Each structure stands twice: as structure tokens, then as C-alpha cells.
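Visitor:
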Ligand SMILES: Cc1cc2nc3c(=O)[nH]c(=O)nc-3n(C[C@H](O)[C@H](O)[C@H](O)COP(=O)(O)O)c2cc1C
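In this note's numbering, the protein residues as written are 185 to 516.
(1) Determine contact between the region 273-285 and the region 305-312, defined as no fewer than three beta-carbon pairs at a distance below 8 Å.
(2) State yes or no: is the C-beta of residue 494 within less than 8 Å of the C-beta of residue 470?
(3) Going by DSSP, what residues sit across from residue 243 in a beta bridge?
(4) Examine ligand 1 and report whether any of its heavy atoms sits within less than 7 Å of the Cβ of residue 495.
(5) Along the beta strand (DSSP E) that carries residue 221, what are the first and last residues, could you check?
(6) Following the continuous alpha helix (DSSP H) through residue 354, name the residue where it begins and the one where it ends.
(7) Is the beta carbon of residue 339 closer than 8 Å to that of residue 263?
(8) Around the Cβ of residue 384, are there at least 16 other Cβ atoms within 10 angstroms (buried) or fewer (exposed)?
(9) Where do the ends of the beta strand (DSSP E) carrying residue 192 lie?
(10) How should residue 398 be labelled, buried or exposed, when 16 other C-beta atoms within 10 angstroms of its C-beta is the threshold for buried?
(11) If you follow the alpha helix (DSSP H) that residue 481 is part of, which residue opens it and which one closes it?
(12) Going by DSSP in three states, residue 474 sits in which element: helix, strand or coil?
(13) Any contact of the region 326-339 with the region 367-380, i.e. 3+ C-beta pairs under 8 Å?
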């Protein structure tokens, strides 16, 4: 079995090791969502530290999908040159780089977007500030197209691929969750219905990616909320998403699990990821307070996950990967 410092090739993407920097919002973008020099310094430091893949923080695909101030955007061609600079700087260190695309949906705040949020149904989001309107089918088609356009811009900027944000209560997660999706049309109801919109987005995005670019999906594999998506149903959803074109599952919490607060247990979402790995053929990323190199290496060797994401530790210690190699006796 491969270990933490073994290379991995996922379709056309070759990574020097299995340590991933998961998407982490920095709040460093300009008002318009543009990349700043601070982003470049921030990500290049982690690339120099030896991480194998950087997933750039969540980036809104349309202005009504913006979550917070300082968020990166990719809703307009004017945002391509900044991203191109960032991607080139990371690539210069030999590190892979993809970008997470997102829409905040029902959890939008009027202060940020200037309008009423839209989501699958008129149900208050657990983190929402007001009841959203139920998106009409034409509105949903527009959003799906915006995801596709943003993917196109990302590719034009030179990324190795993109990740769709389908976790932590963002729009794709809202559609899959029976808690927020109470629609009675073909976009609600059973699993196939609730997956219909995420699958339409996947299709839009896939046509914009290069043929050999693997599509990553941040998958909320448990809503951790009464009335939400269960682990059992999430496994079935993952199988369907795999069939519909997901090439890598980056497993995290769903509607009620933003995954970053008050968890101190080593690998707290790894069992969730291992459960998804049992039912899919494609690579799976595990995350959740992974801080010990031996643990990270072991869960890969045991076949629980294929890659590990190290979040907050990389924020405080960009050199973690290099130090981990020394600790494991690996010569880089
Ligand atoms: C400051 C911060 C910002 C985050 N932003 C995002 C994000 O943009 N997209 C996302 O999917 N997860 C986001 N997360 C969750 C992380 O990707 C990761 O799953 C989480 O921090 C758990 O990993 P860790 O325990 O190694 O930090 C964020 C986490 C933190 C701490």
C-alpha cells in the first residue's frame, strides 16, 4: 500500500505526495473578489512547505452566491488575470493547484448580496438570516451555467482542475439535504430528485474541464442534523455522483457540519471518508484535525483514504509537509 509521501496520479493530475491543503477562506480578496498579493504570499508559502496539492478557498460563481466579504470570486472574466498570477506562482513550486467553486444559496446574507437569498425551498437555513425564496427552474439553470462559466475561467487561468463545494450547507449540499430541500418537483423528493441539480452542475462543469482533469467534489457525507442527510443515504448519493462524473471525493460534514469548530480528535472526519471509500472506486480525501504524520501515513496505508487534507495546521505551520517527511524518515 502507498503511503503519505508516495506520488499519486488522478487522471491527468500527478501529485508529488498525498498531503492536500483543503480550501480555507482567507478573506483576503478585494471587494470585487479579486486575488491580491496577500493570497500569493499565503499560498506560495504552503507550496514551498511541500504540500502536494492546494485547493484554493471557496470562490463564488455568481454575485448572488457570495458568502462573505473578502471572498474570492470568479463570476467575471476580469477575475482571470489575478487567478492566473496565483496559479503560476504555486505551479512554480511544483505544487498542484485547483480551486473550489461555490454558491451560498439559502445561506446568503442580504448585507452581502443585496437581495433575498434563494435556495431549494422556503426553509430557513440553519445558518441563514431569513427565509429564502424557492429557486425557479430557470434560475437554477442560470446558476448551473454560472458554475460552468466559472470553471471555464479557472481553466483559462491555468488551474489543474476544480472542486465543487457540496458540503457545509452550501447550495449543492442544500439540494441534497432533505432538511433544506422540500421541493415537490423533479428537483426534490427521493435521492435522484435531490441530486438532480448537483448533477446538472457537474455536467456543466465537466464540459469546461480538460478531458483529463479530475473533478473534485467536497462532499457533505452527513448532515449531523435531525431530518438531514444520513451517512447511509450519503453512501448511495456518492455512488450516484461517481457515476455522474465525480473523480475525487473530498469528504467533510454536510448541512450541520462546517467541520472546523471545537473538534480536537485526530482525524475526526476520517471515519466518514472511509465509509465513502468503501462504496466508490475513485480516490477519497480524509480531513479533520490531522496533525500527526504517522497517523496520516497510516490511514493511507490501511486503505481508509487516498489523500489527507491538513487545514488549520498548515495555516499555523506552512512547513508541516517537509517536517512530516523528516519525521517519517523520507528523503524528499
Ligand atoms: C479559516 C477556515 C476557512 C475555511 N474555509 C473553507 C472553505 O472555503 N471551503 C471549505 O470547503 N472548507 C473550508 N474550511 C474547512 C477546512 O477546509 C477543513 O475541512 C477544516 O478546517 C478541518 O480541517 P483541519 O482540522 O485540518 O483544520 C475552512 C476552515 C477554516 C479553519
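Every residue gets a Cβ at the ideal spot worked out from N, C-alpha and C, and that includes glycine. In this text, all values refer to a predicted model and were calculated from it rather than measured experimentally.
Guide: If we stick to the structure as given:
(1) By the Cβ rule, the region 273-285 does not count as touching the region 305-312, because fewer than three pairs are nearer than 8 Å.
(2) It is not a contact, given that the beta carbons lie outside the stated cut-off.
(3) DSSP lists 256, 285 as partners of residue 243.
(4) Under cutoff, so the answer is yes.
(5) No beta strand (DSSP E) holds residue 221; the alpha helix (DSSP H) holding it covers 221-232.
(6) Here residue 354 belongs to no alpha helix (DSSP H), and DSSP marks it neither H nor E.
(7) Result no, Cβ atoms of residue 263 and residue 339 do not sit closer than 8 Å.
(8) Around the CB of residue 384, 16 or more other CB atoms lie within 10 Å, so the residue is classed as buried.
(9) Its beta strand (DSSP E) spans residues 192-194.
(10) Residue 398 is classed as buried because its beta carbon has at least 16 other beta carbons within 10 Å across all chains shown.
(11) That run of the alpha helix (DSSP H) goes 477-485.
(12) Here residue 474 carries a coil assignment [DSSP, helix/strand/coil].
(13) Below 8 Å, too few C-beta pairs join the region 326-339 and the region 367-380 to call them touching: fewer than three.
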